[in-house]
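Visitor: Got a structure here, written out as structure tokens. Questions coming.
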Amino acid sequence: MGGQTTDTGFSKAKRLLNANDYGRVFESPDARASHQHLLLLAKINTAPGHRLGLVIAKKNVRLAVQRNRIKRVAREVFRHLPPGEPSMDVVLLARRGMGQLDNAELSSILQQQWQKLVRHAAKAAPNNSQDS
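Here our numbering is used: the first residue of the sequence shown is 812, the next is one more, and so on.
This is how it looks when you write it as structure tokens:
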């Protein structure tokens, strides 16, 4: 009880909330990571921390149960990611077949694609200096 707690919630500050937020990412992404079942797009932002937006279309994932499960797993993976530079607004787009993946596969794919996205974003970041 006296130990340190970390903020692993998914507050509004960690989400893309409106069409303008999504539009900035879709209009000119700085990085992308593509997989057979998903696409991650990222736009480097100036705010501290990453923000996540989810686009799980009924056209690609038919059942609401599957769409909700995908969102839940994606949020969980996102929550446990280490904070890093650069800060990004990230949009996850589901592709056909994503609903057929089990939670472990989905989690693994998301983590791999996130690492790929961070590498691409680091190359695209305007200041690549290591000023720690």
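Ideal placement from N, C-alpha and C gives every residue a C-beta, glycine not left out.
The alpha helix (DSSP H) with Ala-933 in it runs from where to where?
Guide: Counted from its first residue, the sequence shown places residue 933 at position 122. Per DSSP, Ala-933 belongs to the alpha helix (DSSP H) from 914–935.
Visitor: Assuming Leu-928 and Ala-858 form a contact by the criterion Cβ under 8 Å, report the distance between their Cβ atoms to the nearest whole angstrom.
Guide: Numbered from its first residue, the sequence shown carries residue 928 at position 117. Numbered from its first residue, the sequence shown carries residue 858 at position 47. The pair is not a contact, with the Cβ atoms about 17 Å apart (cut-off 8 Å).
Visitor: Could one say the Cβ of Ser-845 lies closer than 7 Å to chain C's Cβ atoms, at least one of them?
Guide: Among the chains of the structure shown, chain C does not appear; only one protein chain is present.
Visitor: Once DSSP output is grouped into helix, strand and coil, what is the label at Thr-816?
Guide: Translated into the one-based positions of the sequence shown, residue 816 becomes position 5. Interpretation of Thr-816 is limited by its pLDDT of 45, a score under 50 that renders its predicted location unreliable; the figure taken from the coordinates is listed afterwards. If DSSP states are grouped into helix, strand and coil, Thr-816 belongs with coil.
Visitor: Does DSSP put Asp-900 in a helix, a strand or coil?
Guide: For this step, residue 900 is matched to residue 89 along the sequence shown. Correct three-state label for Asp-900: strand.
Visitor: With contact counted as at least three CB pairs below 8 Å, one residue from each stretch, are the stretch 837–851 and the stretch 889–903 in contact?
Guide: Result yes; three or more Cβ-Cβ pairs closer than 8 Å.
Visitor: State the start and end residues of the unbroken beta strand (DSSP E) segment that holds Ala-842.
Guide: If you number the sequence shown from 1, residue 842 lands on position 31. Per DSSP, Ala-842 belongs to the beta strand (DSSP E) from 842–846.
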